[in-house]
Amino acid sequence: MAVQVVVMGVSGCGKSTLGRRLAQAFQTRFVEGDDLHSVDNVDRMRAGIPLQDEDRWPWLERIGEELACAGKQDSGVVVACSALKKSYRDLLRRTAGPGLRFIHLRGERAALKARMEARQDHYMPATLLDSQLATLEPTDGEDDVLALDFASPADRLQAKAAAFLRQSANSIITNASLPVPAGSARQ
Numbered sequence: 008m009a010v011q012v013v014v015m016g017v018s019g020c021g022k023s024t025l026g027r028r029l030a031q032a033f034q035t036r037f038v039e040g041d042d043l044h045s046v047d048n049v050d051r052m053r054a055g056i057p058l059q060d061e062d063r064w065p066w067l068e069r070i071g072e073e074l075a076c077a078g079k080q081d082s083g084v085v086v087a088c089s090a091l092k093k094s095y096r097d098l099l100r101r102t103a104g105p106g107l108r109f110i111h112l113r114g115e116r117a118a119l120k121a122r123m124e125a126r127q128d129h130y131m132p133a134t135l136l137d138s139q140l141a142t143l144e145p146t147d148g149e150d151d152v153l154a155l156d157f158a159s160p161a162d163r164l165q166a167k168a169a170a171f172l173r174q175s176a177n178s179i180i181t182n183a184s185l186p187v188p189a190g191s192a193r194q
């Protein structure tokens, strides 16, 4: 099964950890979205300067290209990407196509901050957490998003995410194989 999934959420929520686990489980490629940031973006974040939309759009377009490429090759990909705003997620949806799914890792601010402060080798300072939380738009009502509490055990997160992705893939396959009634267009 070729999956296209974005593991999303604010910094420190465990996107990369869950993303790597899902990529291994589905035998597909993992892309660390942070690696696709421009040098200028990384320098800004390292200096504690929050990114603005104009900083994020080119980065999101690069992530969208990764998703689209995997979709065209039917090879699957798991990407770790904050995808904080609905408009960002919508850009990724338009680029990747209808099979894209999101796993939103969310939880308590204090736990997120503690995790960020404990990280050794990451450029994102804990001082930017509040900026990210302020930018984050709820995923409620987005049918292609599964929200999970990042504080759950890693095995449980992986199992719930994998079940959601399998169920979504089965739904896409079923809908694609249904006959289209005469005079209607499949959306």
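Mapping the sequence shown onto this note's numbering, position 150 (from 1) lands on 157, and the numbers just tick up by one. Glycine included, each C-beta is placed from N, C-alpha and C at the ideal position. All values derive from a computational prediction rather than experimental measurement.
Measuring C-alpha to C-alpha distances from Met123 to each of Gly21, Val13, Val14 identifies Gly21 as the nearest.
Burial is judged here by how many other beta carbons sit within 10 angstroms of a residue's own beta carbon; Glu144 has fewer than 16 and is exposed. Straight-line measurement puts the Cα of Val12 at about 9 Å from the Cα of Leu29. In the structure shown, Ala90 adopts coil according to DSSP, grouped into three states.
About 7 Å separates the beta carbons of Val14 and Val85, which is inside the 8 Å limit, making them a contact pair. In chain order, Phe37 place their CB closer than 6 Å to the CB of Arg27, counting only its own chain and leaving out the 5 sequence neighbours on each side.
By a beta-carbon distance limit of 8 Å, Leu172 does not contact Arg113. Their separation comes to about 18 Å. If you ignore the 5 residues before and after Leu98, its C-beta comes within less than 7 Å of the C-beta of Leu67, Gly71, all in its own chain and listed in chain order. Relative to the Cα of Leu74, the nearest Cα in the group Ala161, Ala168, Thr102, Asp50 belongs to Thr102.
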